[in-house]
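Visitor: Heads up: the sequence shown runs through residues 144 to 274, numbered per my numbering.
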Amino acid sequence: MSALRSPPGVPSANKRTHRRRSIALHLRVHDEASGEYIGRIGDISEGGLLLYGSRTIETREPITLRVELLLPDGRLAALSLKAKPMWSGPDVNPAFIATGLRFVDLDFPEHRAALDLLLTNLTIERDDFDD
């Protein structure tokens, strides 16, 4: 069996700065500016996320992502995170397009708080991915 390789421009596991975590729920993600649905979160780390959608994201400019989730106390939260698309292309599953996004502006308290909320409440503590 051959090992899966990262697409061109995608860091392999040994070059990653932050440990990736699986998402317990594949949350819907929208472009905050347009309101357009752009995909679901596949995995997430302190540095960025993997998005599965139906089309490539052509821009390399940062976009503001909006993620809505139900908190453990039953409240609905709308989180905003700014991220820069780093690569986008066909996934192993031909039904999806995979896009890697790197978080930017995490020095803004509201963006940092949104990421911390996602990492704390919605991830599975695993990093044994086959890259």
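In this text, a Cβ means the ideal position worked out from N, Cα and C, and glycines have one as well. Values in this document were obtained by computation on a predicted structure and should not be read as measured data.
(1) Considering only residues of the same chain and omitting the five flanking positions on each side of residue 210, which have a CB-CB separation below 6 Å?
(2) Roughly how far, in whole angstroms, is the beta-carbon of residue 178 from the beta-carbon of residue 242, given that I think they are within contact range, below 8 Å?
(3) Within 10 angstroms of its Cβ, does residue 228 collect 16 or more other Cβ (buried), or is it exposed?
(4) Where are the beta strand (DSSP E) runs, 3 residues long or more, that stay fully inside the stretch 170-201, in chain order?
(5) Rounded to whole angstroms, what's the CA-CA distance from residue 199 to residue 232? Just pull it up for me.
Guide: The answer reads as follows:
(1) Numbered from its first residue, the sequence shown carries residue 210 at position 67. Contacts found: 170, 172, 222.
(2) Taking the sequence shown and counting its residues from 1, the one referred to as residue 178 is at position 35. Taking the sequence shown and counting its residues from 1, the one referred to as residue 242 is at position 99. Wrong, their Cβ atoms sit about 18 Å apart, outside the cutoff.
(3) Taking the first residue of the sequence shown as 1, we reach residue 228 at position 85. Buried, since its Cβ has 16 or more Cβ neighbours within 10 Å.
(4) 171-174, 180-187, 191-196
(5) Here residue 199 corresponds to residue number 56 of the sequence shown, with the count starting at 1. Here residue 232 corresponds to residue number 89 of the sequence shown, with the count starting at 1. Near 6 Å, if we compare the C-alpha coordinates of residue 232 and residue 199.
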